[in-house]
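Data block below; observations after.
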Amino acid sequence: MSDELNSILTRPVDRKGFIAAGALGALMAAGGGRFLADAEAAELRAQLSRTLYYYNWADYVNPKTYGEFTKKTGVKVKKDFYASNEVLQAKLKAGARGYDLAVPTGYMVKILAAEKLLEPIDWSKLPTARRNLSPKFKSLPFDPRDKWSVPKDWGTTGFAYRKDLVKERPTSWKQFFDLMKTKYSKKVTLLDGSPEVIGSIAKMLGYSYSTGDRGELDKVREFLLDLKPHVHSIDSTTYKNKLVRGTAVMGMAWNGDGAFVASKKPAEYVIPSEGGELWVDSYVIPKGARNRDAAHAWINFAYTPRINALETSYTYYGSPLKRELLKKPLARAIYNNPDVFPPDRLLRKLEANNVSAAATRLRERIWTEFKAS
Amino acid sequence: MAVAAPEVAESRGPSSRARGGSGGPRYPGWLALPAVFWYLLFFLGPLGIMASYSFGEISGFSDVKFAWNLENYRYLFDGPLYTDVFKKTLVMATFGTLATLVIGFPFAYYLARHAKHKTLLLLLVIVPFWTSFLIRTYSFLIILDPEFPVSRALRPLGFPEKFELLYTQKAIYIGVVYNYLPLMVLPLYAALERMDWSLVDAAQDLGDSGLRAFRRITLPLVIPGVLAGSLLVFIPLTGEFLIPEILGGGKTLFAGNLIAQQFLEARDWPFGSAIAMVVVGSLTVALLIYARAVGRQEQYG
Amino acid sequence: MGRRLLGAHAVLVYAFLYAPIVVVVALAFNGGRQVLYWEGFSTRWFGEALRDDTITEPLRTSVIIGLGNAVIACLLGTMLALALARMRAWVRVPIDALAYMTLVTPEIVFGISALIFFVQAGLWVGVESPLGIWTILIAHVVFNASVVALIVRARFVGMGQALEEAAYDLGSGPLSTFRQVTLPRLAPAILAGGLLAFTFSFDDFITSFFVSGAGTTTLPLRIFSSLRFGISPAINATAAMILGLTLLAIVVAYVVLRRSDDGRQGTVIVHQV
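Residue numbers (our numbering), protein chains in the order written: chain A, 283 to 655; chain B, 145 to 445; chain C, 2 to 274.
Below, the structure written as structure tokens:
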């Protein structure tokens, strides 16, 4: 039973309260989860304060969702945007407070939690989420007790290429990089992040994605420096436009962007045979949040299948809900799209980013060398 | 009419000597107080924090432990990796400043001397910069693209079909000149505008070539403006990192990128602070030396 | 001959300056979202931009901060320039160094350290969340006051003192000398400085990002964070509208001022010695 209902029923009974409690009781008895949900909603609306400060990636929420949320709860959403996990972390670390909700990627959740920049999640306020969350996304390695985060969506890091401009059909990192160094030199983009680039090369060489081993990283470094002259650009923000326009023919990519390109031009997104990265973006409540109730309300709201389908069809990233729940509300093309919902056998080869603090320093130095060369 | 030659300003009569020093009404020093106070509180405060970080070291993912050592500075100069980045940055900043000067000076000159509706034209220079920097720079991505409609249309006239301009050093320079031009033009214009052009005309009537008149009369007066403009371009240019990232394809690393990278991706605030301190320190010293060398002129101001 | 060459150069420079603008405006009218292909003329993006409060609110914030910061920066910077120009070296040099440092410091460093500073200062004063429009404005002024000071100083230094000395000798007090002799001649530099200050503030991104509070977004922040999909047409439409408005304002102001200027010419000459 939710906290709100609880509080109604334990309040000292005045006449109105008694009648209200009695009515609720009757409704509950009369049955129907729907009645219950409506009553919950009404009570929620009365108790929540007016505004939710949502700090997010831009274009990461279907604009319709904001309106639906406000309609249901009466809470207005004030949106602020950041463009990278790192910049979110820098701001929170330097002391910025006042955001109620943010959406970092898994590895950043771990860092933020370690730096005590998060408020714990109160799962008692998330009945819908608890019901609908797929067991595959419980106890993820970056938050094993689900204390700090609730998954929002997930995706993979691999590469994408234009089927009409690249006649070969690369299926591995090795092929990807070989083609990059030879036939398609200067027409291939890389993501602008040392975790992704170093991690992918590490996977190709047979190492762990998050390796911090000096010997292994040396090999990665050699390979990377060799690669530099063949790079078209190092870009995480606009590479999908480059692929659509054809100025680049291949690129290291996230699956949502890959699906986007494929929706505009003949293209293919590939999870390479050596493996890649599996990432999960999660809701967190930053420290100093003033409206934790509203934050929880949003998270819970986002776990209703209809709303979640709205989100998935906007971002093209995978949903952490139990898949069957999405069958009805989600368009068939998206539901069956293997880029949005890769099959398990592919997912097995993927690793999550788990770079240690010490390894970060080593890897960053390599990355600097690469960029400066 | 505006006063032209410094020779006039040097005349020291008994009245100026009576007021002491370099003569002329001296504006009270307390005028500087508001600005100084602002700097002390809102600039030195933050900078002091950074300076103290530079003596610390990173612990854990991004915490700062105050070890009070010079380790970060040692790491910075350990090997050529980072100093090369500094060198490249200085080269880029110098060339960028020169390019803006070469393009901006004749432009400002024309505006100050020959143009009608000067203020309007000057404002028209600034107006493009009220669109966002990002929008402008991203527009260049379109303009420099070989598939740009104008370029496509010019192909029958011999315009090359495939040229590589985007994501190269050249693109960075184009972006730099574009975004820093008003910084150069405005001070130049402000200095040129007060010139008494009749002096130049007179010199030419008396037989000086245009170039000679320029050198003897205009140039000395314009130097403060040139310096101001060059400083306004060079200095922020050393910290520039968005243009190299967007137009250069993220393939070159300048000091600005390096620092941003340390604070964000590497989360190594002490190291980032150390780099920043080196940049700030060395540039300030260079500026002071420079200002001193030029300072004699200012004494007559 | 030289004049014609210079004129041609000026035209080319204007073409260069406005090329991206033309692109932006063209895209604002492009019916589709594609960036290199024309998909028909349409004004729908303008409507969308106006209806989108995640665009109009940041725009308003940016303008307010820009104007406020221009005024303050001009005040502080001009006073600083005047005081510095005739100061003794041992006072002038440290202040000079300070001003230079504000220009030299990379924005990301200043942004983060200013954030830390504001948060700590806030705690000290008992304010839990000090970040907001004011902190952005304060941070912008730090840089812009130096810009104004630099420009005004350059002009002031080269101005020469003869006129001011003459006015002094004729018995004019310092305040009226300033008002009637110095200020009018400094005006173009102050205006130039103020324009730059507004522009920098309006366009500023890195510093603003760090010192902005929850719920305060400026236009550049809004634009940067949506870059994953490229510049959206609604953003281009917003830029086009800003351009249109400012051009209109400038032309109108110019026409109006010119008219009153013609009357004032006579008095200006009389005031000058």
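Every residue gets a Cβ at the ideal spot worked out from N, C-alpha and C, and that includes glycine.
When A/535, A/492, A/428, A/352 are compared against residue 395 of chain A, the one with the closest alpha-carbon: A/428
Name the one or two DSSP bridge partners that residue 16 of chain C has. Partner(s): none; residue 16 of chain C has no beta bridge.
Terminal residues of the continuous alpha helix (DSSP H) containing residue 590 of chain A? 587-597
May I ask you to report which of helix, strand or coil DSSP gives residue 219 of chain B? helix
Status (buried if at least 16 other CB within 10 Å, exposed otherwise) for residue 647 of chain A: buried
Which of the three DSSP states is assigned to residue 293 of chain A in this structure? For residue 293 of chain A, the pLDDT reaches just 38, beneath the cut-off of 50, and the residue's location in the model is therefore unreliable, leaving the point undetermined.
Applying a beta-carbon distance threshold of less than 8 Å, which residues of chain A neighbour residue 311 of chain B? 514, 515
Going by C-alpha to C-alpha distance, which of A/576, A/532, A/507, A/628 sits closest to residue 461 of chain A? A/532
Three or more C-beta pairs below 8 Å linking the stretch 404-421 of chain A and the stretch 354-369 of chain A: no
Under 8 Å between C-beta atoms, does residue 215 of chain C make it to chain A? yes
For residue 362 of chain A, verify whether its CB is less than 7 Å away from any heavy atom of the ligand MN. For the ligand MN, the structure offers nothing, since it holds no ligand at all.
Does residue 326 of chain B come out as helix, strand or coil in the three-state DSSP assignment? helix
Counterpart residues of residue 337 of chain A in DSSP-defined beta bridges: A/362, A/384
So which residues on chain C does residue 276 of chain B lean against when the C-beta distance must stay under 7 Å? 204, 220, 221, 224, 240
Give the range of the alpha helix (DSSP H) segment to which residue 346 of chain A is assigned. 345-355
I need the DSSP call for residue 505 of chain A, collapsed to helix, strand or coil. helix
At the level of alpha carbons, what is the spacing between residue 209 of chain B and residue 408 of chain B? 18 Å
Within its chain, find whatever has a CB closer than 8 Å to the CB of residue 622 of chain A; leave out the 5 residues flanking it on each side and keep chain order. 537, 538, 541, 594, 598, 599, 600, 616
Under a CB-based cut-off of 8 Å, is residue 386 of chain B close to chain A? no
On the three-pair Cβ rule with 8 Å, is the stretch 394-410 of chain B touching the stretch 9-20 of chain C? no
DSSP-derived helix/strand/coil call for residue 204 of chain C: helix
Enumerate in chain order the residues of its own chain whose CB-to-CB distance from residue 238 of chain B is below 6 Å, with the five nearest sequence positions on each side excluded. none
Whole-Å CB distance - residue 362 of chain A paired with residue 215 of chain C, under 8 Å assumed: 6 Å
Taking buried to mean at least 16 other C-beta atoms within 10 Å of its own C-beta, is residue 254 of chain A buried or exposed? For residue 254 of chain A there is no data in the structure shown, the boundaries of chain A being 283 and 655.
Using 8 Å for Cβ pairs, my map puts residue 208 of chain C next to residue 108 of chain C. What's the rounded Cβ distance? 5 Å
So which residues of chain C does residue 360 of chain B contact, with C-beta pairs closer than 7 Å? Simply none; closest approach about 16 Å.
Residues, ordered as in the chain, of the stretch 315-326 of chain B that lie near chain C by beta-carbon distance below 8 Å: 322, 325, 326
Integer-rounded CB distance, given that residue 319 of chain B should sit under 8 Å from residue 281 of chain B: 6 Å
What does the Cβ neighbour count give for residue 227 of chain B, buried or exposed, with the cut at 16 atoms within 10 Å? exposed
Taking Cβ-Cβ distances shorter than 8 Å, what residues in chain A pair up with residue 409 of chain B? 368, 475, 476, 646, 649
Contact list for residue 284 of chain B against chain C, beta-carbon separation under 9 Å: 20, 21, 24
If I measure Cβ to Cβ from residue 493 of chain A and keep anything under 6 Å in the same chain, skipping five residues before and after, which residues do I get? 484
Quick one: is residue 370 of chain B near chain A, going by C-beta distance under 8 Å? no
Report yes if the C-beta distance between residue 172 of chain B and residue 84 of chain C is below 8 Å; otherwise report no. yes
So the candidates are C/249, C/196, C/213; which of them puts its Cα closest to the Cα of residue 270 of chain B? C/196
Where residue 251 of chain C meets chain F, residues with beta-carbon distance less than 9 Å: Considering every chain present, this structure includes no chain F. Its protein chains are A, B and C.
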